[in-house]
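Residue numbers (this note's numbering): 16 to 259. Virtual Cβ for every residue (Gly too), placed ideally from N, Cα, C. Structure first, then comments.
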Amino acid sequence: MDINEKKALIKINSAYILKTDWIINLLNSFKPEQILEMSPEDISFEGSISLEKAKKFKEIISRLDPDKELLKAEKSDIRIICYGEDGYPADFKNLQEPPIAFYIKGSFNDKLSLSVVGTRRPTEYGKKMAIDICSKIARGGINIVSGLARGIDTLAHKTAIKYGGFTYAITGSGLDNVYPPENKKLFEDIAENGALISEYPFGTNPLPYNFPRRNRLISALSWGTFVVEGDYNSGAIITAKYAI
């Protein structure tokens, strides 16, 4: 992939809030650079979306400077991997809404992965179960995938590292915005013992919309999903539904 195509995809990715299925359809017919040059009317017609949505797309992508994103990524030891680029996981590509680009600090390995997710306010029983499950998974040489949130997610990552495992954290904010802030040390530990992954550009705040959306990536990287306590409408259950 040449650098101009990569920059165009990084720019297009900033419109993640408008979903990506229609963008993938456009990419099947047009180069990323061509999409950037299209008028809202052409995007509306070719993407089969409303003119209002096409105008919003153009407005959003105009805000992001891909050169600044790439420079910040290089300074932060973060890679930006784009749709169709070498290193883009097949598990992401097979999604109905694959990320146009994602940011990664750390590395993938080729081992089996399981996701462990759950409530931010676990009971003592839930904490015990999370530690028990994750210690066995990690000692078995299986990666643990979770979302870096408070509660079960944090326990899953910490237990994976404690028992010599490899763990992926899919975040609900840009990788320059650690959330929750008390997980700063854990963030750095995960980078050394797995990877931190986000489809959100630098500067993205941990908005409520971002967390349910990132759950599809947790599920995509996982062979199976363990839910350790969670309300029926919780993010953990959303992740489990993606896994079905």
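{"Item": "R165 (DSSP reduced to helix, strand or coil)", "Value": "coil"}
{"Item": "Check whether P137 and G187 have beta carbons under 7 angstroms apart", "Value": "no"}
{"Item": "The region 63 to 73 touching the region 106 to 117, judged by at least three CB pairs closer than 8 angstroms", "Value": "no"}
{"Item": "DSSP-derived helix/strand/coil call for Y31", "Value": "helix"}
{"Item": "For G141 and V242, the rounded distance between their alpha carbons", "Value": "10 angstroms"}
{"Item": "N-terminal and C-terminal residue of the alpha helix (DSSP H) that R231 is part of", "Value": "N225 to A235"}
{"Item": "CB of L232 within 7 angstroms of CB of L211, strictly", "Value": "no"}
{"Item": "Distance between R228 and A184 (C-alpha atoms, nearest Å)", "Value": "14 angstroms"}
{"Item": "Cα-Cα separation between Y103 and A235, rounded to whole angstroms", "Value": "13 angstroms"}
{"Item": "Cβ-based burial, L163 [other Cβ within 10 Å; buried from 16]", "Value": "buried"}
{"Item": "Contact set for E56: own chain, Cβ-Cβ below 7 angstroms, skip 5 residues either direction", "Value": "L66"}
{"Item": "Y215 classed as buried or exposed, judged by whether at least 16 other C-beta atoms fall within 10 angstroms", "Value": "buried"}
{"Item": "Within the region 171 to 223, ranges of the beta strand (DSSP E) (whole runs, at least 3 residues)", "Value": "182 to 185 and 209 to 213"}
{"Item": "Y224 classed as buried or exposed, judged by whether at least 16 other C-beta atoms fall within 10 angstroms", "Value": "exposed"}
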